[in-house]
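S.K.: Take this structure, written in structure tokens, and hold onto it; I'll ask about it next.
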Amino acid sequence: MCSRLQSFIAATIPTRCSGRGRGRARAPKPHVLVLFSLSSSYSSRNRGEMGDYGPSKGWEVVVDDRQSLDRKIDAIRNAGPQKLQVIADFDATLTRYWVNGCRGQSSHGLLQQGNPEYDAKRQQLYEYYHPLEFSPTIPIDEKTKLMEEWWEKTHALLVEGGLTYDDIKKSVASANIAFREGVVELFEFLEERGIPILIFSAGLADIIEEVLRQKLHRSFRNIRVVSNRMEFDNDGGLISFKGRTIHSLNKNEHALDMAAPLHEQLGDVNGTVDDSASVKMRTNVLLLGDHIGDLGMSDGLSYETRVSVGFLNDNIEGSINSYRKAFDVVYLNDAPMSGVLELASQLLPAKAT
Ligand SMILES: [Mg+2]
170 MCSRLQSFIA ATIPTRCSGR GRGRARAPKP HVLVLFSLSS SYSSRNRGEM
220 GDYGPSKGWE VVVDDRQSLD RKIDAIRNAG PQKLQVIADF DATLTRYWVN
270 GCRGQSSHGL LQQGNPEYDA KRQQLYEYYH PLEFSPTIPI DEKTKLMEEW
320 WEKTHALLVE GGLTYDDIKK SVASANIAFR EGVVELFEFL EERGIPILIF
370 SAGLADIIEE VLRQKLHRSF RNIRVVSNRM EFDNDGGLIS FKGRTIHSLN
420 KNEHALDMAA PLHEQLGDVN GTVDDSASVK MRTNVLLLGD HIGDLGMSDG
470 LSYETRVSVG FLNDNIEGSI NSYRKAFDVV YLNDAPMSGV LELASQLLPA
520 KAT
């Protein structure tokens, strides 16, 4: 029988930014929340308690409809691993929201192209277009055009300003960016079971792949980054972008068709990275995001069952009600990925030994 778990949670909040000074410092006032979450047995059939990926391990999770989640997990598990794929947003989903006491940098935001004039020009574009992106009064068609305009102008500045691959490596090396604890374990778990992971981003694939290289120190043959991809000349200078522009309003599985082919696989060249067609045969989805709009990442797929996980990193009091209705599972306060690993283990039958 279900019972309600009432938890008072006080987040530990660093008050001083010990990073490189980019990004705003974390608000010093601690959040105090009251969470209502079901603490019933997750299932009587070889599943642990909800606490397995919730409060008992020291982080906070909210599940609005336990029975619905149970049904979805059963459906995915029964369909088997060959039907499952993982679709993940990158920034503030795979990466942490807070890093060294500062707001972590995004894959786009970390880029310093070694040319202050052009860095400043890109910042000016950000200041003009970013408010338009979130304007409630601009019709979606118009907003989509504005986003295309913003992304294309930004990409043009990167080419014009003489970005090199070396700039990307240096930018990543000095960036205030880090993966959530448990990301490697999740990737390994999924790789061992042949589950593809599509990382969808309106940022830059080349930067995301460099972050994966530098921060994880290994590659995964089941990962594919679907994002804007650059083309470099023999001297490592950026000359163009491949494929159609992927921006914040078209970041969905249609982007897989729009994206250019990989010019470099992260994994083993003999690996089993699924192509677009075979990924579309995988009609069960574990989706990871940090914005409600990330749910659109599976729009291009006629999925049968989707379990959605949302990371609510900030403004928890203001957003918890909409997140708990939108996502099947919500992790709070920049939680580690360990809970998702537990969830993934429920979606997949145990490996035969
Ligand atoms: Mg994000």
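The numbering used here numbers the first residue of the sequence shown as 170 and each following residue consecutively. Even glycine gets a Cβ: it sits at the ideal position worked out from N, Cα and C.
Assuming ASN421 and MET466 form a contact by the criterion Cβ under 8 Å, report the distance between their Cβ atoms to the nearest whole angstrom.
M.R.: Mapped onto the sequence shown, residue 421 falls at position 252. Mapped onto the sequence shown, residue 466 falls at position 297. That belief holds up - the Cβ atoms of ASN421 and MET466 are roughly 5 Å apart, short of 8 Å.
S.K.: Using 8 Å for Cβ pairs, my map puts PHE356 next to ILE366. What's the rounded Cβ distance?
M.R.: One-based indexing of the sequence shown puts residue 356 at position 187. One-based indexing of the sequence shown puts residue 366 at position 197. Their Cβ separation, rounded to whole angstroms, is 7 Å, which keeps PHE356 and ILE366 in contact under 8 Å.
S.K.: Cβ atoms of SER417 and ALA347: under 8 Å apart, would you say?
M.R.: As a first step, residue 347 is located in the sequence shown; it is residue number 178 there, counting from the start. As a first step, residue 417 is located in the sequence shown; it is residue number 248 there, counting from the start. Contact flag unset, no.
S.K.: For ILE133 and GLU360, I'd like the C-alpha separation in whole angstroms.
M.R.: Residue 133 falls outside the range modelled here, since the chain spans only 170 to 522, and no answer is possible.
S.K.: Suppose the cutoff is 8 Å on Cβ atoms and the five residues either side in sequence are ignored; what does the same chain contact list for GLY405 look like?
M.R.: On the sequence shown, residue 405 is found 236 positions in, with the first residue counted as 1. Once the five neighbours on either side are set aside, the close Cβ partners of GLY405 are THR333, TYR334 and ASP335.
S.K.: Just to check, is the beta-carbon of HIS460 closer than 7 Å to a non-hydrogen atom of ligand 1?
M.R.: Position 291 of the sequence shown, counted from the start, is the residue given in the question as residue 460. Indeed, a heavy atom of ligand 1 lies less than 7 Å from the Cβ.
S.K.: Grab the span of the beta strand (DSSP E) containing TYR500 for me, first residue to last.
M.R.: Here residue 500 refers to the residue found at position 331 of the sequence shown. Note, TYR500: beta strand (DSSP E), 498-501.
S.K.: Under a Cβ-count criterion, where at least 16 other Cβ atoms within 10 Å of its own Cβ denotes burial, should ILE242 be classed as buried or exposed?
M.R.: Position 73 of the sequence shown, counted from the first residue, corresponds to residue 242. Counting Cβ neighbours within 10 Å, ILE242 comes out buried, since at least 16 surround it.
S.K.: For the candidate residues LEU238, VAL328 and TYR298, whose alpha-carbon lies nearest to that of GLU317?
M.R.: Here residue 317 refers to the residue found at position 148 of the sequence shown. When only C-alpha atoms are compared, the closest one is TYR298.
S.K.: Restricting to Cα atoms, I'd like to know which of VAL476, ASN502, PRO285 and LEU326 is closest to SER488.
M.R.: Position 319 of the sequence shown, counted from the first residue, corresponds to residue 488. Of the candidates VAL476, ASN502, PRO285 and LEU326, the one whose C-alpha sits nearest the C-alpha of SER488 is ASN502.
S.K.: Looking only at C-alpha atoms, which of ARG390, ILE392, ARG413 and SER388 sits nearest to ARG398?
M.R.: For the purposes of this step, residue 398 is identified with residue 229 of the sequence shown, where counting begins at 1. The candidate whose alpha carbon is nearest that of ARG398 is ARG413.
S.K.: Going by DSSP in three states, TRP267 sits in which element: helix, strand or coil?
M.R.: The sequence position of residue 267 within the sequence shown is 98, counting from 1. If DSSP states are grouped into helix, strand and coil, TRP267 belongs with the strands.
S.K.: So for ALA347, helix, strand or coil by DSSP?
M.R.: Working through the sequence shown from its first residue, we reach residue 347 at position 178. DSSP places ALA347 in coil when its eight states are reduced to three.
S.K.: DSSP three-state label for PHE303, please.
M.R.: Translated into positions along the sequence shown, residue 303 becomes position 134. Here PHE303 sits in coil by DSSP.
S.K.: Kindly examine ligand 1 and report whether one of its heavy atoms sits closer than 7 Å to the Cβ of ALA347.
M.R.: Along the sequence shown, read from residue 1 onward, the residue named residue 347 stands at position 178. Every heavy atom of ligand 1 is 7 Å or more from the Cβ of ALA347, so no.
S.K.: Please report the residue range of the beta strand (DSSP E) in which LEU280 lies.
M.R.: Position 111 of the sequence shown holds residue 280. Per DSSP, LEU280 belongs to no beta strand (DSSP E) and is neither H nor E.
S.K.: Can you tell me where the alpha helix (DSSP H) with PHE358 in it begins and where it stops?
M.R.: For the purposes of this step, residue 358 is taken as the residue at position 189 of the sequence shown. PHE358 -> alpha helix (DSSP H) spans 352-361.
S.K.: CB VAL230 to CB TYR500, shorter than 8 Å?
M.R.: Mapped onto the sequence shown, residue 230 falls at position 61. Mapped onto the sequence shown, residue 500 falls at position 331. Closer than 8 Å, so yes.
S.K.: Can you tell me where the beta strand (DSSP E) with GLU400 in it begins and where it stops?
M.R.: Sequence index remark: in the sequence shown, residue 400 carries index 231 (1-based). Element bounds for GLU400: 392-401.
S.K.: CA-CA distance, ALA495 and ILE377?
M.R.: Here residue 495 is taken as the residue at index 326 of the sequence shown, counted from 1. Here residue 377 is taken as the residue at index 208 of the sequence shown, counted from 1. Taking the straight line joining both Cα atoms gives about 27 Å.
S.K.: Among GLU486, LEU470 and ALA244, which one has its Cα closest to the Cα of LYS449?
M.R.: What you label residue 449 is simply residue 280 of the sequence shown in a count that begins at 1. Among GLU486, LEU470 and ALA244, the Cα nearest to that of LYS449 belongs to LEU470.
S.K.: Are ASP402 and THR262 close, meaning C-beta to C-beta below 8 Å?
M.R.: Translated into the one-based positions of the sequence shown, residue 402 becomes position 233. Translated into the one-based positions of the sequence shown, residue 262 becomes position 93. Not in contact: ASP402 and THR262 (Cβ atoms no closer than 8 Å).
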